[in-house]
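If you read the sequence shown in the working numbering, its first letter stands for residue 147, the second for the next number, and so on. All C-beta atoms, glycine included, are put in the ideal place defined by N, C-alpha and C. Okay, so here's the structure we're looking at.
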Amino acid sequence: MTLFKKLFKYIGFVLLLPLGYLIIAVITSLITVSTEPSELPTPHTIYLTTNGVHMDIVLPKTLLTENLALQLHQKASDKFVAFGWGDENFYLNTPTWGDLTFKNAFGALFLKSSTLMHVTRYRSVQKKWIPIHINQEQLTALNVYISGTFQNTAAHRIQLLANKGYASQDNFYKAKGSYSCFKTCNTWVNAAFKQSNLKACLWTPFDLGLMQHYANE
147 MTLFKKLFKY IGFVLLLPLG YLIIAVITSL ITVSTEPSEL PTPHTIYLTT NGVHMDIVLP
207 KTLLTENLAL QLHQKASDKF VAFGWGDENF YLNTPTWGDL TFKNAFGALF LKSSTLMHVT
267 RYRSVQKKWI PIHINQEQLT ALNVYISGTF QNTAAHRIQL LANKGYASQD NFYKAKGSYS
327 CFKTCNTWVN AAFKQSNLKA CLWTPFDLGL MQHYANE
């Protein structure tokens, strides 16, 4: 009986961990981090988008820093650039949710691993994008955050992974940082907004919180 009780307690503890994670994630996603009030004009429009799980920040190509714009692989017809960050193995080996395996998911969430920037190019605004109007100071801070996530060479050049994109309009680049269940693709976006003095969640490992905050504006 004693062994059974110990086993039951152990199983219960293991089950409570993900439940506690979900509860904390929901609560912190609902809490909005206040931004400093500003009377500056907001002439620039960026966008927030998600594939249902993973958020991206979208900038018009004209709003990128010249240094980054010149290094990105792109075409003259591209008008918008979406940036996402995530686990390298998961990105490269899980192009669709049908390719998801326990090994890839576990490795991304719990094992230290390298990361990538996923850069997708668009010719026009997409219907599901949420527009966000920002001022010049916020744009500058956002560009600094995005550019600072790329892993550069000794010559200060970003590093393209050739022929690794999902389609003709996207590419992967080496990035800084390590992915975990506490630092996800969506916390990366949320941190970008915090650094840029934009409305953000206290913490959000999922896309729902931040998307909902801006969709309700």
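The C-beta of Val172 has fewer than 16 other C-beta atoms within 10 Å across all chains shown, which makes the residue exposed. One thing to note: Tyr319 has its Cβ no nearer than 9 Å to the Cβ of Phe352. About 6 Å separates the beta carbons of Asn281 and Ser184, which is inside the 8 Å limit, making them a contact pair. The criterion of a C-beta distance shorter than 9 Å is not satisfied by Ile169 and Trp349. Three or more Cβ pairs closer than 8 Å define a contact, and the stretch 303-312 meets that threshold against the stretch 210-220. Per DSSP, the continuous beta strand (DSSP E) segment holding Asn317 begins and ends at 316-321.
In this structure, the straight-line span from the alpha carbon of His279 to that of Ile192 is close to 6 Å. By the CB criterion at 9 Å, Glu234 and Asn343 fall outside the cutoff. Unbroken alpha helix (DSSP H) stretches of 4 residues or longer found wholly inside the stretch 289-355: 331-341, given in chain order. Assignment of His219 by DSSP, reduced to helix, strand and coil, places it in the coil class.
For Pro164, the three-state secondary structure derived from DSSP is helix.
Gly198 sits exposed, since fewer than 16 C-beta atoms from the chains shown fall within 10 Å of its C-beta.
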